[in-house]
Amino acid sequence: LKHAGSPWEMGLAETHQTLVLNGLRSRVALQVDGGLRTGRDVVIGALLGADEFGFSTAPLIAAGCIMMRKCHLNTCPVGVATQDPVLRKRFKGTPEHVINFFFYVAEEVRALLAEMGYTHLDQIIGDTELLEKRALIQHWKARGLDFSKMFFKPDAPHEAVHWTERQKHPIDDV
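Counting with my numbering, you get residues 1 to 174 for the letters of the sequence shown.
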């Protein structure tokens with residue numbers, strides 16, 4: 001499926017703002033996924049309020065996936081998603097390929113943070129003022145779009161803007 005859901009940016013921003021305004025942000029870890037591929041995506045997600053980031057397609061491609069969309073058929077031609085011993089022999093990926101992918105994503109995040117004058121991702125979580133807002137393109141489809149609510153920074157100076165409290169579940173004591 002492609003283009004089946006809402007853009008994560010909108011849902012993430014609204015969720016973060018609502019949690020901050022209600023004094024609950026410190027108790028919730030916001031995780032975002034859906035099309036994340038680069039360090040820039042991670043930084044944008046953090047600026048909109050994300051604490052955690054989910055990657056799926058990009059690491060699969062790093063492991064050797066060629067996106068044949070046959071995962072559920074057990075006929076993956078490159079051996080990534082199959083139990084067929086003949087097809088599994090074709091798998092050429094290594095854990096190092098995926099490790100390198102994440103290393104470069106982390107390196108890009110570090111470089112972008114340094115460029116902005118920060119050292120930790122936690123320092124920018126929810127700081128939408130750091131997002132560069134460009135003038136709206138002059139196109140008939142763009143007429144009437146208003147992203148100001150997405151870039152709204154809640155006025156809650158004494159509230160945490162990222163996940164700081166680990167939950168204590170009494171179930172462990174049972």
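C-beta atoms are modelled at their ideal positions from N, C-alpha and C, and glycine is treated no differently.
Please read all numbers here as calculations on a predicted model, not as lab measurements.
| query | result |
| --- | --- |
| Pick from M10, A13, L24 and S6 that is closest to H158, judged by C-alpha positions | L24 |
| Own chain partners of R134 with C-beta closer than 8 Å, once the 5 adjacent residues on each side are dropped | none |
| According to DSSP, residues forming a beta bridge with V32 | F53 |
| Cα-Cα separation, A62 to C76 | 16 Å |
| Selection from R110, R27 and H162 that minimises the alpha carbon distance to K168 | R27 |
| Contact set for A156: own chain, Cβ-Cβ below 8 Å, skip 5 residues either direction | V20, L21 and G23 |
| At least three beta-carbon pairs within less than 8 Å, the region 111 to 130 to the region 43 to 50 | yes |
| Those runs of the alpha helix (DSSP H) which lie wholly inside the region 78 to 153 and span at least 4 residues | 85 to 88 and 95 to 116 |
| Rounded Cβ spacing between D33 and G54 (contact assumed at less than 8 Å) | 3 Å |
| Whole-number beta carbon distance between K153 and E129, since they are thought to touch under 8 Å | 6 Å |
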